[in-house]
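A short write-up of the structure that comes next.
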């Protein structure tokens, strides 16, 4: 994701990471949940990335609709968001 132009990227990343880090304790379908701010090593990169692993598509669907997840998206992510790109893959 990238942050809105009027947002301090370091503050936004810290705030979002802190909020999202609480989700694995609330959503048992999350098997691995890692995120971090961009290291700033290249041009044209996103500000932050998140990787979430689930045992199944239904696990992802439960996470994506979970009230705790939706609240963080509404209250913390969206106010800071510039662009968001999502990709779900099966491994």
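In the working numbering, the protein residues as written are 1 to 91.
Yeah, the Cβ is synthetic: ideal placement off N, Cα and C, and Gly gets one too.
Predicted, not measured: the structure shown is a model, and the values here were computed from it.
**Q.** Range of the contiguous alpha helix (DSSP H) that encloses residue 22
**A.** Along the chain shown, one-based indexing puts residue 22 at 22. Segment: none, residue 22 is in no alpha helix (DSSP H) and carries neither H nor E.
*Exposed or buried, residue 41, counting other C-beta atoms within 10 Å across all chains shown (16 or more means buried)?*
For the purposes of this step, residue 41 is identified with residue 41 of the chain shown, where counting begins at 1. The residue is exposed, with fewer than 16 neighbouring Cβ atoms inside 10 Å.
Within the chosen definition, does the stretch 59 to 76 reach the stretch 41 to 51 through at least 3 CB pairs nearer than 8 Å? no
Do residue 19 and residue 37 come within 9 Å of each other at the CB atom, strictly closer than that value?
Translated into the one-based positions of the chain shown, residue 37 becomes position 37. Translated into the one-based positions of the chain shown, residue 19 becomes position 19. Not closer than 9 Å, so no.
With the cut-off set at 9 Å, would you say residue 1 and residue 81 are in Cβ contact? The residue you call residue 1 lines up with position 1 of the chain shown. The residue you call residue 81 lines up with position 81 of the chain shown. A contact, by the Cβ cut-off of 9 Å.
Point to revise | CA-to-CA distance, residue 54 to residue 28, given in whole angstroms | key: Locating residue 28 in the chain shown gives position 28, where the first residue counts as 1. Locating residue 54 in the chain shown gives position 54, where the first residue counts as 1. Rounded to the nearest angstrom, the two C-alpha atoms are 9 Å apart.
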